[in-house]
Amino acid sequence: MRTLFIVLVYILVSSCAGVKVTSLKNPNIDLNKYTTFCWIQGCELNYQGPDYGYDLERMQLIQKIIKEELEYKGLINDENTPELLVGFHVILEEKESVYTKHPEMMDPYVRPISYWDEYESFYDKEIYKFLKGSLIIDLIDSETGDVIWHSTAERYMELDEQMDKDMMIKGIKKAFKEYPSKLDVK
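In terms of the working numbering, the sequence shown is residues 58 to 243.
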């Protein structure tokens, strides 16, 4: 029981703590050589998830924040001769965790569990539902078509939680943290 409680507390604390980011870059490419960008031709505001999670204004805000962050990094938005093409998509998944008060289910290493087909109905259990949100950003070399930088930002949230603008800005800044700034280059 204690183990699952700790896991649930961890999920809640990590959702409050913020965003987990994983960024990958092509190690053979100097990202500082790129100076211009634009959105991928026909860049749709790509969303995958339950209908209630889609909000056009929020998707446009994410696009605006990404553009501002790229400009802050020293890149220039150039629709005619971009060196980088930018694409992003948002994935929102409903997840659940099962919590039971039965000690054998919570601590199987102390006592072996005897399983049978109907064991789930025997134990008192509670289901905790939450959302896993992901923002995936790709930067693509416009000449070669290769993805040269990729970032995935993930966050766990309550089912009815709405991300405000400040939270989105912090998450996107964190996603671009590993991308070099032109201001740092001498």
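Even for Gly, the Cβ is constructed at its ideal location relative to N, Cα and C.
Beta-carbon spacing of P84, E151 below 9 Å: The residue labelled residue 84 in the question sits at position 27 within the sequence shown. The residue labelled residue 151 in the question sits at position 94 within the sequence shown. Not closer than 9 Å, so no.
Alpha-carbon spacing of M225 relative to T92, whole angstroms: Translated into the one-based positions of the sequence shown, residue 225 becomes position 168. Translated into the one-based positions of the sequence shown, residue 92 becomes position 35. Roughly 25 Å separates the two Cα atoms.
CB contact flag (H146, N89, <9 Å): By 1-based counting over the sequence shown, the position of residue 146 is 89. By 1-based counting over the sequence shown, the position of residue 89 is 32. No.
Completely contained beta strand (DSSP E) runs for the stretch 179-228, where each covers 3 or more residues: 182-198 and 204-214
Straight-line Cα distance separating S191 from K239: As a working note, residue 239 is residue 182 in the sequence shown. As a working note, residue 191 is residue 134 in the sequence shown. Looking at the two C-alpha atoms, the distance is approximately 27 Å.
Cβ neighbour criterion (16 or more within 10 Å) applied to F233: On the sequence shown, residue 233 is found 176 positions in, with the first residue counted as 1. Residue environment for F233: buried (at least 16 other C-beta atoms within 10 angstroms of its C-beta).
Range covered by the beta strand (DSSP E) that runs through Q105: Taking the sequence shown and counting its residues from 1, the one referred to as residue 105 is at position 48. DSSP places Q105 in the uninterrupted beta strand (DSSP E) bounded by N103 to Q105.
Counterpart residues of T93 in DSSP-defined beta bridges: By one-based count along the sequence shown, residue 93 stands at place 36. Bridge partners of T93: I133.
Distance, T209 Cα to L81 Cα: Within the sequence shown, residue 81 is the residue found at index 24, counting from 1. Within the sequence shown, residue 209 is the residue found at index 152, counting from 1. The straight-line gap from Cα to Cα measures roughly 9 Å.
Contact with chain B by K239, beta-carbon distance below 9 Å: Looking for chain B here will not work: only one protein chain is present.
Residues of its chain near M116, where Cβ-Cβ distance is below 8 Å and the 5 sequence neighbours each way are ignored: Within the sequence shown, residue 116 is the residue found at index 59, counting from 1. Excluding positions up to five away in sequence, the list reads L102, Y104 and V147.
Identity of the residue in K130, E200, D135 and L142 nearest I194 by Cα: Start at 1 with the first residue of the sequence shown, and residue 194 comes out as number 137. It is L142 whose Cα lies nearest to the Cα of I194.
Beta-carbon proximity check, K130 vs Y236, cutoff 9 Å: The residue given as residue 130 occupies position 73 in the sequence shown. The residue given as residue 236 occupies position 179 in the sequence shown. A contact, by the Cβ cut-off of 9 Å.
Reference E153; option with closest CA among D135, D198, L188 and G110: Taking the first residue of the sequence shown as 1, we reach residue 153 at position 96. That would be L188, whose Cα lies nearest to the Cα of E153.
Sheet register partners of L81 (DSSP bridge): Residue 81 sits at position 24 when you count from the first residue of the sequence shown. Partner(s): H207.
Which listed residue (I97, G75, D221 and K124) has its alpha carbon closest to that of D203: To locate residue 203, count along the sequence shown from 1; it is residue 146. The option with the nearest alpha carbon to D203 is I97.
Span separating the alpha-carbon of I119 from that of S199: To locate residue 119, count along the sequence shown from 1; it is residue 62. To locate residue 199, count along the sequence shown from 1; it is residue 142. Cα-Cα distance, rounded: 22 Å.
Separation of D135 from E125, as counted between CA atoms: On the sequence shown, residue 125 is found 68 positions in, with the first residue counted as 1. On the sequence shown, residue 135 is found 78 positions in, with the first residue counted as 1. A direct Cα-to-Cα measurement between E125 and D135 gives close to 13 Å.
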